[in-house]
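Chemist:
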Amino acid sequence: MSGYGGTLTNTSSGVVLDSLTSSGVLFTPTPKSLTAATISVASGFTNTVGATIDILVAITYSSAIDSGSVVVLSIPKWERSSDGATSPNSCLSSSIACENESTSSSITCSYSIGSGFADDTLTVTGLITSARVSGDTDTIRVKNFINYSQLATYSVSVFVNAASGSTTNSLTGVSMTPTAATTLAQAEVLPFTLTVNSESVYFISVQLNTILPIGAYVRITLPPQVSYTDTSGVDILSAVSMTSALNSPTVVKTGLTATPSYFDLTGIVTSSSNYRTKSQTFFVQMTSLRNPPSVATSGSFTVALYDSSNNRYESSSTGMTVTATAGVLSEGTSPTMSATSTGVLDSVDFTLSLQAATALSTGTTASIVVTFPSEFTLTTGTCSLSDLIGFSSSTCSISGQVVTISNFASDTISAGENFKFTIGSNMIALPSNTATTSTFTIETQASGSKVDSISSLTWSQTTVGTLGLPTTATDATVPSSSTTYTSTTYTFELYPPHVIEQNAVIEITFPTEITLPSSTTCTALQNIETTLS
Amino acid sequence: MTVSNGYSASSQSFTGSQALKFTATSITNPRSLQPTGTFAFAIKSSSGSDIYTVTGSTLAVTTASTFSSVAIAQSVGTNGASTSYTWTLTTNSQLVAGDLIKITPPSSIVVASPSCSGVTGLASSLACSMSSGSLFVTVAFARRRQLAPGDPGTYSFMTSGVTNAPSTAPSSTFTVQSMLSDQSYLIEQDSSATVSNSASGTITSASVAADSVALSTAVSYTLTFTPVNYVQGMSFKVTLPIQLSISSGTNTCTNVQGLTDATFN
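Protein sequence lines, in the order shown, are assigned to chains A and B. For the first sequence, the numbering used here gives the first residue as 1, with consecutive numbering after it. For the second sequence, the numbering used here gives the first residue as 534, with consecutive numbering after it.
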């Protein structure tokens, strides 16, 4: 009420008794507190930090409310100065929309961004289209609200203003408290070298979905396949470095003995100059973590952000695996490969001599797997082993082209150590000809995954098989006429020791004294196809 | 020789005691009885790599082929005449420079200090010699073809220094052989050729002396003559002039000189 003037008059005489002329008497009624106001997360949404969600603002009026009144929410900034922010983002954006939750009808809401850390306001109109009385309740759905950046309580003020602009009901300290951690916008792990079981610099990049506030720390949890000390016992975590915007971390190692092991990087944000906000990135570089012991894809690294109250508010492990590459087996003491016989198709004991690139703890989970080229014929079954160097007892089995040596005693083949074994029991038949075979694949394996391998070895027989001749050797070549310089038919008789492969040919080199025609007719007699030519 | 398609449909297993057997036609045996070098057998993969190999044995054929024909022509057909022979051989085998042609004449024909020359298919000058009653001729070709073997065909050459048989009776057979240069192995042979003289020789001197010149008196005549040819069991045929007669049944030869024995028929 802006004020008013008046005249006091004697109604019987019409004489003015007294008069007052005033510029106005101000009357500003105190708004009544809302009976209740709450903010909750709409069904179907999770109260996750930084998430875009729908919230429900429920208000219970404590007095009569005129039709046409508006509801005004005073909303703190998305990030706080106490976190170190200097240019805070807002929970509100152009995507904001409102509905009357009870009718699901759209209602108008507009927002304005406060300067600096001043609250932003969201003004909801069209909700109170008829007068309300004390005790009435309205619920506003605010859509596309950007939830707060921390697992902390934020205070919102709610005002109900008449059309004239005066506040009828209000309530401050309406709390909003995100309860769920979010996922990092992006997190990747990259070892600089990938060879199994080798020490490598690891690089982790992180893109924030929320903020990295003052007092926050980073926890990196290692997959069990990646170890954190090198062979010399040097604690590599002392060599952790981070993005230059962050302070050099203090590495808290107490978690390294936990399962899974982890370490914390603390002290990295101590002032606004270290503060990082949404979509910004930071990096962690760790010196000489040890790659997984095999090529099996590791478990996941986890990068988690904790606030100063030890609330884990943001993390990621998706895709944060590493897959090492196998080491390269070398040829051992010469000869790398040998057989007890060298004739084609001879059944032999076969010896391999190799050198490990990567240490192999030859316990029950380790194995050496040799895949013979298809030119060899292997007999499936249990084979014997002998001539062992580098490890002692173990078992040998053949399945198809694959020889598996496993169940070692608790030996360890060290990196760079030669190992050798002979696959016995004459279960390997050499190739059927002297052509160089396709390649062997030889692997050391840990828990069925490759550790070292070599796929370049081939086998070339220098000795071919020996064709048998008839008991009387001259019967191998019998002319039908025994007269000099007579054109005649020769009969050839040979005794192959093993299989003759498909499309094989027979080559006869005649002594120079015998003259061959330009063409001849060959006729099959025994154990040769009649189509021969 | 490469034999293909023997295992085009599939591979085939062997145990070492199963024979692989086939024939091949039209292979020409070695040209001599000399054992050949060794055969080599290989079974190879389709890519040409050896699977099995073995070095086989040598091969020695046992029968020398026969010349298609052997013809002997005398320059002079007179008994006992010193003449030259032209030998014409039609071969079934190749001849190689250095091969030998060995001709063993029947004993009635003598070859001494022969000289030989090619007539057909051979060099004009041929080395030849006698050894143990056989004529050995070293095959040589005209220079332009020295390095190539002579194909089967007709070859002829002449040999001088041959003395005909002493009679016109067909000679015994000649043995004609071709053989390797070291005389160790035959190439071809023939033992059918003969030669027959066409004219008798001439008695170089003859005289008659009677022990009496009385008319119609039985006397003994001494016949003295010098023949060119001598043959065991040969006869002398004396034709008397018509004025002389021979008493039947009482004639004998006495006081024979130059002959071991003589009977009168």
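Built from N, CA and C at the ideal position, the CB exists for glycine as well. Small disclaimer: the values here were computed from a predicted structure and weren't measured.
Tell me, please, which residues DSSP counts as bridged to V252/A.
Modeler: Beta-bridge pairing links V252/A to D264/A.
Chemist: Span of the beta strand (DSSP E) holding G299/A?
Modeler: First-last for G299/A: undefined, no H or E at that position.
Chemist: What's the gap between the Cα of I428/A and the Cα of S384/A?
Modeler: 12 Å
Chemist: Would a check of beta-carbon distances place Q526/A closer than 8 Å to chain B?
Modeler: yes
Chemist: Below 8 Å between beta carbons: does that hold for S74/A and L34/A?
Modeler: no
Chemist: In whole angstroms, what separates the C-alpha of I634/B from that of L792/B?
Modeler: 39 Å
Chemist: Give the single residue among F510/A, V158/A, T462/A, T183/A whose Cα lies nearest to the Cα of A339/A.
Modeler: T462/A
Chemist: Keeping to the same chain, check which residues put their C-beta closer than 8 Å to that of D83/A; ignore five residues upstream and five downstream.
Modeler: S149, Q150, I211, P213, I214, Y275
Chemist: On a CA-only basis, which of S689/B, M712/B, V761/B is nearest P699/B? Give me that one, please.
Modeler: V761/B
Chemist: Does DSSP put S546/B in a helix, a strand or coil?
Modeler: Three-state result, S546/B: coil.
Chemist: Would A522/A count as contacting chain B if we go by Cβ distances under 8 Å?
Modeler: Checking the displayed sequence, the identity of residue 522/A turns out to be Cys instead of Ala. With 8 Å as the cut-off, C522/A counts as an interface residue toward chain B.
Chemist: Quick check: what's the CA-CA separation for V234/A versus Y228/A?
Modeler: Model confidence at V234/A stands at a pLDDT of 49, short of 50, so the residue's coordinates are unreliable; what they give is reported in the following sentence. Rounded to the nearest angstrom, the two C-alpha atoms are 9 Å apart.
Chemist: Determine the closest residue to T297/A out of S272/A, T281/A, A326/A, with distance taken between C-alpha atoms.
Modeler: A326/A
Chemist: Do F600/B and E721/B have their C-beta atoms closer together than 8 Å?
Modeler: With contacts defined by Cβ atoms closer than 8 Å, F600/B and E721/B form a contacting pair.
Chemist: At least one CB of chain A closer than 8 Å to the CB of L553/B: is that the case?
Modeler: Among the residues facing chain A, L553/B is included, as its CB has a counterpart in that chain under 8 Å away.
Chemist: In chain order, what residues of the same chain have a beta carbon less than 7 Å from the beta carbon of T737/B, not counting five sequence neighbours either side?
Modeler: T759, V761
Chemist: Following the continuous beta strand (DSSP E) through M767/B, name the residue where it begins and the one where it ends.
Modeler: Element bounds for M767/B: n/a, residue is neither H nor E.
Chemist: Can you confirm whether Y688/B, when its beta carbon is compared against all beta carbons of chain A, has any partner nearer than 8 Å?
Modeler: no
Chemist: On the CB-based measure, 16 or more other CB atoms within 10 Å of its CB, does M767/B come out buried or exposed?
Modeler: exposed
Chemist: Determine the chain C residues that contact I508/A at a beta-carbon separation under 9 Å, and present them in chain order.
Modeler: Although the question refers to chain C, the structure presented lacks it and instead comprises the protein chains A and B.
Chemist: Taking 6 Å as the limit between beta carbons, can you name the residues of its chain near V201/A, skipping five residues before and five after?
Modeler: F192, T287
Chemist: Sorted by chain position, which residues of the same chain lie with C-beta nearer than 8 Å to N612/B's C-beta, five sequence neighbours on each side aside?
Modeler: Correct list, in chain order: N697, A698, P699, S700, T701, N730, A732, S733, G734, V761, N762.
Chemist: Could you say if the segment 374-383 of chain A and the segment 392-408 of chain A meet the contact criterion of at least three C-beta pairs nearer than 8 Å?
Modeler: yes
Chemist: Against chain A, does I560/B count as a neighbour if the rule is that its beta carbon must be under 8 Å from one of theirs?
Modeler: yes
Chemist: T167/A and V160/A - do their beta-carbons sit closer together than 8 Å?
Modeler: yes
Chemist: Per DSSP, what are the beta-bridge partners of M712/B in this structure?
Modeler: L633/B, L719/B
Chemist: Tell me, please, which residues DSSP counts as bridged to W620/B.
Modeler: According to DSSP, which records beta bridges pairwise, W620/B is partnered with I605/B, F690/B.
Chemist: Let me check understanding here. Comparing Cα to Cα, which of Y688/B, Q567/B, D583/B lies closest to T342/A?
Modeler: D583/B
Chemist: Going by C-alpha to C-alpha distance, which of L773/B, A597/B, T787/B, A660/B sits closest to S717/B?
Modeler: A597/B
Chemist: Under 8 Å by Cβ, that's how I've got D723/B and V594/B pegged, so tell me the actual separation to the nearest angstrom.
Modeler: Their Cβ separation, rounded to whole angstroms, is 18 Å, which puts D723/B and V594/B out of contact at 8 Å.
Chemist: What residues of chain A sit near I720/B, judged by a beta carbon separation below 8 Å?
Modeler: T484, Y485
Chemist: Given a threshold of 16 other Cβ atoms within 10 Å of its Cβ, counted over all protein chains shown, does S232/A qualify as buried or as exposed?
Modeler: Below a pLDDT of 50, predicted positions are generally treated as unreliable, and S232/A, at 48, falls in that range; the measurement from the model is reported next regardless. Under this definition S232/A is an exposed residue.
Chemist: What number of angstroms, rounded off, separates the C-alpha of A51/A from the C-alpha of Y217/A?
Modeler: 21 Å
Chemist: Nearest-angstrom Cα distance between G126/A and G68/A?
Modeler: 7 Å
Chemist: Straight-line CA distance for E79/A to G116/A?
Modeler: 11 Å
Chemist: Specify the secondary structure class of T277/A as computed by DSSP and reduced to three states.
Modeler: coil
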